[in-house]
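Residue numbering for the sequence shown follows this note's numbering, beginning at 718 and increasing consecutively.
Beta carbons are placed, not taken as given, at the ideal position from N, Cα and C, and that holds for glycine.
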Amino acid sequence: MSMTVLERLGLDRHPRVVTGQGVKHGVAGQVVVTNPATGRPIAAVILDDERTRESVVAESCEAFRAWREVPAPARGQVVRAIGDEFRRHKEALGELISLEVGKIRQEGLGEVQETIDIADYAVGLSRTLSGPVLQSERPRHRLYEQWLPLGPIGVISAFNFPNAVWAWNAMIAAVCGDVVIWKPSLLAPLTAIASNAIAERVSAEMGHPGVFRLLIGTDTQIAESLVEDRRLPLISATGSCRMGRRVGEVVARRLGRSLLELGGNNAVIVHSDADLDLAARSILFGAVGTAGQRCTTTRRLIAHESVAAEITRRLAEAYGKVAIGDPLNEGTLVGPLITPAAVETFLAAIRRARDEGGEVVAGGERASGLPTEIAGGNFVRPAIVRAPSSNRLPIALEETFAPILYVFTYRTLDEALAMHNGVDQGLASGIFTDSLAASETFLSVTGSGSDCGLAYVNLGTSGAEIGGAFGGEKDTGGGRESGSDSWKAYMRRQTVAVNHGKQLALAQGIRFGE
Ligand code: UN1
């Protein structure tokens, strides 16, 4: 089956992809891509080195000078054609994502849909990029803002959204007049090669080569030098807080811009009047979807004491029934973790939770009894861990990128909010309630409610639409990608004042040598 997808996407003929007998471990300058559901290799990918990195950056600077001259709506037409091509390849790309990172089929397809959606959004944007006209204090003066293309943009993406997160950046950057250099995760280079090839081919066919480039390599060889490169005015990075802190520091040192979308430790508050059916279904998707490997995954459940036992019982029951297995099988809800190391991290977190007084009420171990084809995969049983009555459970303050849901109990909403906001990250948040007062407290415009970039009522923490700005506060990094006015990160603002009179009129009423 793996060959079929590679063939359908032309990857078997791609100059940097090695397939079949040619795939060997330990070859210098190559990385072997492993199917996390089987532990078997899918293909090997030839890595970039310093030489190819330099030529890609230099060529991107050149391509930028041509691309920015293309009117924005015409750039939008290129993005429209790219979106159409993603529509045509949705099935195959979705399947490749499942194969390479273990997402279930529905989620692989959903990810490609997210790319199609952001392309559509960017097409509209290509005709509406605009700045305000302001009122000048001086007679016969015009004051306004215009937004200009920024330059070649570096995009660093993580394994868990190997296609859509690049697209959030690349489709918007492209209509803004920027060109993109994408450094994907070494755990998901095949999806990157296939996705970038689509964008670059369409763009080149329409007369604009070099708008979408790819650099695949190690952090030390490729990512570090991109981050340090003054020719890249913006580095947009998605990944761990540790990685983001490094990117932020290095880019800040050269006074460049970074757009950081880092970890989350997302919680859902279930209030006393919550619709428990809705809450349980939403939390299940948020906590076990993508095997707990979204930055938006629900990691903490903060339940009112009157409903805590019941919601936990319902969730534990649902966890017991959740189908774990081959992500491409119809009916599977939980695929594998990305690597054997991720399984170890999951098991270590469970051990620590127990040591800290947590009670494991569902899952928490390797999944056993799986069919032989997937016996070598990185499967675990998603876990629910009830915190001790003190609510003290330090492990829950860390983001373990695996399906573990920690359950806490509260009496007052203030207590719940303090717990909710009492972590380093601030990405996604949700409250389940029918009470206007409770939801408005959670959403308070004073900022005393949820401290996250995304706040949802009667919704789980994952599964944002592309139309809103996506990102979070605190250690999540503060960046905003995708919809709303996130495009502003990919352009530079110019404040323009034009004197169309014959008089010198100084601002602030200054008279100078009259
Ligand atoms: C991520 O996990 O890095 O809101 C992105 C969501 C998706 C995006 C997740 N639309 O869950």
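Got a sec? Which residues, its chain only, sit under 7 Å from residue i by beta carbon, not counting five neighbours each side?
i: P906; result: V748, V750, V762, I933
i: F1229; result: L1223
i: S1023; result: S989
i: A996; result: V987, I1028, F1149
i: M1208; result: W864, L865, P866, L867, C893
i: F878; result: E828
i: A911; result: L726, L728, L810, L813
i: S1156; result: I1148, T1150, V1174
i: L1176; result: S999, G1147
i: A881; result: E828, E831, T832
i: L816; result: S719, V722, N752, I759
i: D946; result: V774
i: A1133; result: I986, I1019, Y1127
Excluding five sequence neighbours on each side, which residues of the same chain lie with their C-beta closer than 6 Å to the C-beta of residue i?
i: F876; result: V818, S902, L904, A905, I1055
i: A1070; result: V1102, I1112
i: A1035; result: L1001
i: M923; result: V795
i: R859; result: V1215
i: G811; result: G825, L826, V829
i: G1226; result: none
i: A991; result: F1149, T1150
i: S953; result: V872, N886, L976
i: N982; result: R1016, E1116, V1140, Q1142
i: V896; result: S777, A780, F781, W784, P869, V928
i: A1232; result: Any answer about residue 1232 is impossible in this case: the structure gives the chain only from 718 up to 1231.
i: F1159; result: I1148, G1166, S1167
i: D834; result: I1183
My output table needs one value for residue i: the three-state DSSP class, helix, strand or coil.
i: P1057; result: helix
i: Q1010; result: coil
i: R785; result: coil
i: D729; result: helix
i: R1128; result: coil
i: V773; result: helix
i: G1177; result: coil
i: I1227; result: coil
i: R855; result: coil
i: K679; result: This structure cannot settle anything about residue 679, because the visible part of the chain is limited to 718 through 1231.
i: V672; result: The structure shown does not extend to residue 672, since the chain spans only 718 to 1231, so no value can be given for it.
i: P866; result: strand
i: I1183; result: coil
i: N877; result: coil
i: H1137; result: helix
i: S719; result: Any reading at S719 needs caution, since the residue's pLDDT is 47, under 50, leaving its predicted position unreliable; the model's value is listed next. Residue state, collapsed to three classes: helix.
i: E831; result: helix
i: R970; result: helix
i: K741; result: coil
i: T1163; result: coil
i: P1044; result: coil
i: T1193; result: coil
i: G793; result: helix
i: I814; result: helix
i: T751; result: strand
i: L907; result: helix
i: N886; result: helix
What does a CB cutoff of less than 8 Å around residue i pick up in its chain, not counting 5 residues either side in sequence?
i: E1090; result: T755, D1043
i: P849; result: Y861, E862
i: G1093; result: T755, G756, R757
i: A789; result: S843, R844, L846, V892, C893, G894
i: R1083; result: V1060, L1064, F1096, V1097, R1098
i: K1205; result: W864
i: D1202; result: A1186
i: I898; result: V773, V774, S777, P869, I870, G871, V872, R930, L931, L932, L943, L949
i: L1110; result: A1070, E1073, G1074, G1075, V1102, A1104, Y1123, F1125
i: V840; result: G793, Q794, V796, R797, G800, V892
i: L1062; result: As written in the sequence, residue 1062 is Thr, which differs from the Leu given in the question. Same-chain partners within the cutoff: T1117, F1118, A1119.
i: Q1211; result: E862, Q863, W864, L865
Which runs of the alpha helix (DSSP H), 4 residues or longer, sit entirely within the stretch 1049-1118? 1057-1072
Could you tell me whether the stretch 761-775 touches the stretch 879-887, using the rule of 3 or more Cβ pairs below 8 Å? no
Do the stretch 1034-1050 and the stretch 1136-1145 make contact, defined as three or more Cβ pairs closer than 8 Å? no
When you compare the stretch 1188-1198 with the stretch 968-979, are there three or more beta-carbon pairs, one atom per stretch, that lie closer than 8 Å? yes
With three or more C-beta pairs closer than 8 Å as the rule, is the stretch 965-976 touching the stretch 798-810? Too few Cβ pairs lie closer than 8 Å, so no.
Return the chain-ordered ranges of every beta strand (DSSP E) run that is complete within the stretch 911-964 and spans a minimum of 3 residues. Complete beta strand (DSSP E) runs here, min 3: 929-931, 951-955.
Below 8 Å, can you find three or more Cβ-Cβ pairs linking the stretch 1170-1185 to the stretch 961-969? no
Meets three-Cβ-pair contact criterion under 8 Å: the stretch 1012-1023 and the stretch 1117-1134: yes
In chain order, which beta strand (DSSP E) runs of at least 3 residues are fully inside the stretch 986-1031? 1015-1021
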